[in-house]
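Residue numbers (this note's numbering), protein chains in the order written: chain W, 1 to 263; chain X, 264 to 526; chain E, 527 to 789; chain S, 790 to 1052; chain Y, 1053 to 1315; chain B, 1316 to 1578.
Think of the CB as a built atom: it goes at the ideal place given N, C-alpha and C, for glycine as much as any other residue.
Model, not experiment: these values are computed from the prediction.
There are 6 protein chains.
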Amino acid sequence: MIDFFDLYLTEDCPYGDETTEFLEIEGNGRIRIKSREHGVAACMDDLAAFYRKNGLEVVNMVSNGDEFNPNDVIFEAQGDLPTIFKLWRISQTFLSMVCSIASKTRFTVELARKSNPDIMVATSRKTHPGFRKYELKAVKIGGGDHHRNSLSDSILVTQNHLDVMEKQVNLRAMRKVEIEPRTREEALEAAPVADILLLDHYSPEELETFVPELRSLNPHLEIAVGGIELSMVSDYAKHVDFIVTTAPYYAKPLDLTSKIRRM
Amino acid sequence: MIDFFDLYLTEDCPYGDETTEFLEIEGNGRIRIKSREHGVAACMDDLAAFYRKNGLEVVNMVSNGDEFNPNDVIFEAQGDLPTIFKLWRISQTFLSMVCSIASKTRFTVELARKSNPDIMVATSRKTHPGFRKYELKAVKIGGGDHHRNSLSDSILVTQNHLDVMEKQVNLRAMRKVEIEPRTREEALEAAPVADILLLDHYSPEELETFVPELRSLNPHLEIAVGGIELSMVSDYAKHVDFIVTTAPYYAKPLDLTSKIRRM
Amino acid sequence: MIDFFDLYLTEDCPYGDETTEFLEIEGNGRIRIKSREHGVAACMDDLAAFYRKNGLEVVNMVSNGDEFNPNDVIFEAQGDLPTIFKLWRISQTFLSMVCSIASKTRFTVELARKSNPDIMVATSRKTHPGFRKYELKAVKIGGGDHHRNSLSDSILVTQNHLDVMEKQVNLRAMRKVEIEPRTREEALEAAPVADILLLDHYSPEELETFVPELRSLNPHLEIAVGGIELSMVSDYAKHVDFIVTTAPYYAKPLDLTSKIRRM
Amino acid sequence: MIDFFDLYLTEDCPYGDETTEFLEIEGNGRIRIKSREHGVAACMDDLAAFYRKNGLEVVNMVSNGDEFNPNDVIFEAQGDLPTIFKLWRISQTFLSMVCSIASKTRFTVELARKSNPDIMVATSRKTHPGFRKYELKAVKIGGGDHHRNSLSDSILVTQNHLDVMEKQVNLRAMRKVEIEPRTREEALEAAPVADILLLDHYSPEELETFVPELRSLNPHLEIAVGGIELSMVSDYAKHVDFIVTTAPYYAKPLDLTSKIRRM
Amino acid sequence: MIDFFDLYLTEDCPYGDETTEFLEIEGNGRIRIKSREHGVAACMDDLAAFYRKNGLEVVNMVSNGDEFNPNDVIFEAQGDLPTIFKLWRISQTFLSMVCSIASKTRFTVELARKSNPDIMVATSRKTHPGFRKYELKAVKIGGGDHHRNSLSDSILVTQNHLDVMEKQVNLRAMRKVEIEPRTREEALEAAPVADILLLDHYSPEELETFVPELRSLNPHLEIAVGGIELSMVSDYAKHVDFIVTTAPYYAKPLDLTSKIRRM
Amino acid sequence: MIDFFDLYLTEDCPYGDETTEFLEIEGNGRIRIKSREHGVAACMDDLAAFYRKNGLEVVNMVSNGDEFNPNDVIFEAQGDLPTIFKLWRISQTFLSMVCSIASKTRFTVELARKSNPDIMVATSRKTHPGFRKYELKAVKIGGGDHHRNSLSDSILVTQNHLDVMEKQVNLRAMRKVEIEPRTREEALEAAPVADILLLDHYSPEELETFVPELRSLNPHLEIAVGGIELSMVSDYAKHVDFIVTTAPYYAKPLDLTSKIRRM
């Protein structure tokens, strides 16, 4: 029940904007956030709601999922100048990050789909602490999926789990059971009972023969791979159902700039 | 008054760890977080406090500011296995980010000090929303400073402020007054009344003559530059007092890995 | 990131315990929470942590999942008397509810397993607002499962969704896709593409022939039924994989009583 | 300062509505919450405020305290379909509970007033953790009163207090002093100094003679009874001023159903 | 469920203690908070708990309710120096306020009891926003009572209520009913049905005859007066049961000073 | 990210307004808050926003910084009567405090400026816990400045810091470095390296010669004095740049009164 934008604003402004107060700036104005790069718009609705909650009028913005070009104004609002100055930095930083994630996700999805039109690209849980909500949303806007949104929504039996398990459990669950086998043997053993196998450290060439072998043990089995470089995405996409990646979260934020003017 | 680690844990575990419950894992174990890269330890005390609050014992950890090498265990804790599994991912992700920031900051500071032993490297406010507290702390551990921690701690008259100002104000304040002039003329005009000038879009060569000219107008004047590439740091460091950078926040997280074992 | 026990205590004690202050009660004492009924212990660890956080010593308690009999002391703690009086009511009410849920869940599971040893009993999302965390936990302790812990962990295409859908979507997802068909025809149509069908308003007799027909269309299909009376559980359990129920949340709280004595 | 509806929504939707996103549902629609049972409307204003805060329009609703019949639509709203799907379940569950409490309270009050038109029916503090605010409000809407809303609003000297008291205190206070005597003798002793006596474990027949005896010792004394069955309410009501009950909180939630349609 | 000391610390330290970090202060030390005035200790346990939560050891402190003299050390703690510097200011300010309230309350109570040993001195709800919890506690420690801790714990029919009332209600309640009559006539009318009358703007001489007249109409009636000067307390105390005052909240904070030394 | 007005309202109304509910007050009305004293309006916009958030209409209010006279209505709102009664007390108390702070600040500033038109009056961090945000804002509205808003916005090397320092640090920082010397010698030593000296326990006569001596060591040095009586303000103002005071926070709240009427 935390209001994340309130948190982000409190981070940036625990006691007021010393500069704007010092300069005694008053009256009304306009902010235009412009991109210096091509990108995909994300979470514009969330930013707009935050502006409205602070009494500003959102004049124009690119829609979530739409692409924009260098020098496009992607968000424009107007109203009380001191409020605009207060929201400026966190707005621009916020958009620079979420639009970058959406852009990078879309790029990865498109690349992967070239070699496998059915591939799903899913991002990991390695989000920036305190920012997951919008990072996950930006991924979906970019056409990606979430591998897991949290520990509470999915079952992934990792190598660490396998290392400490002492008893066998019945692998039936309301959720898909995904297993990350430690060895080739373990993969073959898990294939008949898992819904998804998450494979690590295999080359595309190895997967070319190994995946059909695994599928032959369980026609419903789905195969995921994790931890691969962007440059290898299309090579891997051919052989699997899911590509799990962290890269979009760590993509360089887009280069945005803001102009504030009096009205 | 938010407990950030509680927030980060809630992000990752709103309803319990489905996997560990599903596998009926019980008993005690140990987690070792290892780095695959060289780096600088940061915020280890914060992570340790979080582990202790959750009833785990911290067995060993690298001290804040100390460097570690590939394959070093940087954090080790033990106790209830289900709790270890619950904290695993956010711990590893947390350290991968803050240690990366400390590492990148230290690298930048050392580089800058080679050409100017008195230079201060200060990071911007473009932090990841919800994570500023630890990003700022990691910067200090890495030997950097904060340009501004928030809108409430400093006065920075930006170009946007200059564009909307309608009245002159007396430039006396409890804080240093920093001005970001729009033009060379404005820089010359501001020099006698500012405490700091923040210069943008000047080459090191231009600064070589311009900075002395500015300082001649105000012997106490300090000069900052922002928005420069890492490769140019040592060129700029020679001419100014402060280098303002965002790069450490966006450095690639360190490559860490965790081993969980039963005890 | 809310601390639920703090919330529960604040609900019951926004400004201190007027009675204990009025009576000027001081010194140390002991509380014993006793059950007048047979039941299953749940969330004892959570209550114990709350007591410890408030400086009390937990002397004895029944373990989660263990059964207790009428007149058994199920929780005993000691320490500062005013603190004991402050925690008394919410402790007793809390245990009366979660132990009741665990008891009712176990009873239902045992009943269902008599006719189908592989049946899973899963509870719905109709929890009491503000109390879901512990209601869900008590269900698991009682041997049940969660149909869905939230909107964010599962895909359930309800009749309302079917009524408003305008476009076909590809039914592939990281999660199992569960469909609640509106008609027999829709069930037959959904069977080949769904992971789970949630059937409503069928008699056990109807299911006896209908379920095999559905399974013949998809050997991996799982069948759930919802909204059935406790008395019918064993009749339904024979034919399906999952029984979805809300009853444990609304079971009458156990009849507990507390004795507080000076030490 | 917690926003309870935000808490309830976060419980049910920490990361978005997977189903509605998966089905790519967009556009506008309408939700109608209908009751399959007779009942009393409660907290409709609170639900309406929550809908409005989420940008939906409340088209129609029964007023707090009004009765409704089977098949009546008790709440109707319209707007963004994905938002409607997000609020659906918690709205319906919320109303099913608070309307049930108001209904059960009204029924109990009416029953009690038949034998004593001046009787007050007051509910206990045994509310569901996290839900007290609305449970208490529903009781008032149903015509009941609160025995105590919290430890901070009243003085009730329970048997446990009497067991640990070591010193006599002056029984003057800004609040009424209510005592729960352990024995008949203690009741007689407390009668002259208490404002209210809370009697437990007496039959109506015993009260018929005992209450007048107590009142004769203090003409301002008020008598409350607690822990009685609904079936005995009218027998007890004749003899006392207050009936204290927990039953409305644990009444079975009303059977409500929701229809969502595209507009 | 807010942790008030966390709030107070966040107010004073949103991003760390710039000075102590700047000076690179490390190691262990000791803080001694000393009073330059006579006073009554209050909320020492709360401050001590806050210190302990922050890892410091509380070496010595005056007990709640005990008096101290000029130059007495009233609170002493030791541990990590940077933590001591972080807590210093809010600790000292906190104690300067709550001890002042306890002192002023005790002084007023003692003064009032000289002329009426049974008088109760109760403070109003005009507390400093955000600080009520401890202001109320300090009043009790000083021997005072709370007129009302909040709108939710008492019934006070003020003159504003009387001005807008349109219907008569039955004046029976679980709480005492206190009425603030607008006129002498209204006082006479309310006396038989009220539990407490709150009188304003009467001189002690007027009360000398008026109060007996009111009591003759209702032997259980209690009389309160509000809004009187400290100098008049003993004159009023003779005639009434309760004196309602705001003065302790606005008493000048005690003059405290802190010494921090390395150990 | 706390909503302070929600906190203040929760302090005063955890469970509803017992009186207004008891009296069954309904319908619409108007509240007028009137001052019995001359004063300066402060934080009116914040109170207005709170009223609007609660569905009330603000009809009229004095603007921040404007002066008002005895009997002036300074705030007037209308709408739902029960809501008005709920907000009444905290509104009136809030304004009585912040307007008092603004008034006292303005008075002090005007007094100081008579003897030194360039003087800055800055208030300390000794605010009431939980109320700093508005106390600081009221100071600025009154024409004052903040000595420090928190530990995170400034560097003040106090006598306690000097007592524990073990190593010399380079006194360069992004912020002004303010030092509070323990002795005359230390002041002379600090003058060349500090930005500001904070002097304590000097008479105006002593400062008359000492300040020029200090300034001669550092032409940019600024001088602050703290802990002086209001009566001495103009004597000190002549010799220094900043006067640091706590007095406005502890000024007696203005005497306000509220009239609520039905419409």
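In this chain, the alpha helix (DSSP H) harbouring Met-833/S covers 833-842. Between the alpha carbons of Phe-1137/Y and Glu-1501/B lies a gap of roughly 21 Å.
For Ala-385/X, the nearest beta carbon of chain B is closer than 9 Å to its own beta carbon. Only those residues of the stretch 538-557 of chain E whose C-beta falls short of 8 Å from the nearest C-beta of chain S are listed: Asp-538, Cys-539, Pro-540, Tyr-541, Gly-542, Asp-543, Glu-544, Thr-545, Thr-546, Phe-548, Leu-549, Glu-550, Ile-551, Gly-553 and Gly-555.
The stretch 857-937 of chain S is shown to contain whole beta strand (DSSP E) runs of 3 or more residues at 862-869 and 909-912, in chain order. In this structure, Asp-1252/Y sits near Val-1277/Y, with a CB-CB distance shorter than 9 Å.
Rounded to the nearest whole angstrom, the CA to CA distance from Ser-1411/B to Tyr-1302/Y is 12 Å.
Relative to the Cα of Ser-326/X, the nearest Cα in the group Leu-319/X, Ile-337/X, Gly-393/X and Glu-320/X belongs to Ile-337/X. Residue contact check for Met-1021/S against chain E: no CB pair falls below 9 Å. Listed along chain S is no residue with a C-beta nearer than 8 Å to that of Ser-1087/Y; the closest approach is about 31 Å. With a threshold of 9 Å between beta carbons, Thr-536/E makes contact with chain B.
Less than 9 Å divides the Cβ of Ser-1176/Y from the Cβ of Thr-1298/Y. At a cut-off of 4 residues, the continuous stretches assigned as alpha helix (DSSP H) that sit fully inside the stretch 163-238 of chain W are 184-190, 204-217 and 233-237. DSSP, reduced to helix, strand and coil, places Asn-949/S within a helical segment of the structure shown. Leu-254/W sits in coil when the DSSP states are folded into three classes, being neither helix nor strand. In this structure the stretch 126-138 of chain W touches the stretch 349-368 of chain X; the number of beta carbon pairs closer than 8 Å is three or more. DSSP places Glu-1089/Y in the coil class of the three-state scheme, outside both helix and strand.
Of all residues in the stretch 917-947 of chain S, those with a C-beta nearer than 9 Å to a C-beta of chain B are Arg-921, Lys-922, Leu-925, Lys-926, Lys-929, His-935, Asn-938, Ser-939, Ser-941 and Asp-942, reading in chain order.
In terms of Cβ geometry, Ala-1437/B and Asp-1460/B form a close pair [threshold 9 Å].
The Cβ-Cβ distance between Met-850/S and Leu-836/S falls below 9 Å. Here DSSP, grouped into helix, strand and coil, assigns Thr-282/X to helix.
By the beta-carbon neighbour count (other beta carbons within 10 angstroms, threshold 16), Met-1172/Y is buried.
Remark: C-beta atoms of Asn-1475/B and Val-1508/B do not approach each other more closely than 9 Å. Between Glu-602/E and Arg-674/E, the beta carbon gap of about 37 Å keeps them out of contact (Cβ cut-off 8 Å). Annotated as distal: Phe-1120/Y and Val-1161/Y, with beta-carbon spacing of 9 Å or more. Taking 9 Å as the Cβ-Cβ cut-off, the stretch 174-197 of chain W approaches chain E at Met-174, Arg-175, Lys-176, Glu-178, Asp-195 and Ile-196, given in chain order.
A Cβ of chain Y is located within less than 9 Å of the beta carbon of His-1009/S. Residue pairing for Phe-1557/B: DSSP places it in a beta bridge opposite Met-1435/B and Ala-1539/B. Taking C-beta atoms under 8 Å as the contact rule, Phe-548/E and Ala-962/S qualify, at a distance of about 6 Å.
Taking the Cα of Thr-183/W as reference, the smallest distance to any Cα among Lys-259/W, Glu-11/W, Glu-166/W and Leu-197/W is reached at Leu-197/W. For Asp-1055/Y, no Cβ of chain S is located within less than 9 Å of the residue's own Cβ.
Shown here, Glu-1326/B sits in a helix according to DSSP, grouped into three states. With fewer than 16 neighbouring CB atoms inside 10 Å of its own CB, Glu-1339/B falls in the exposed class. Close to chain B, meaning a Cβ-Cβ distance shorter than 9 Å, are the following residues of the stretch 1137-1158 of chain Y: Phe-1137, Lys-1138, Trp-1140, Arg-1141, Ile-1142, Gln-1144, Thr-1145, Phe-1146, Ser-1148 and Met-1149. For Lys-1105/Y, no chain B residue has a Cβ inside 8 Å of its Cβ, as the nearest lies near 16 Å away.
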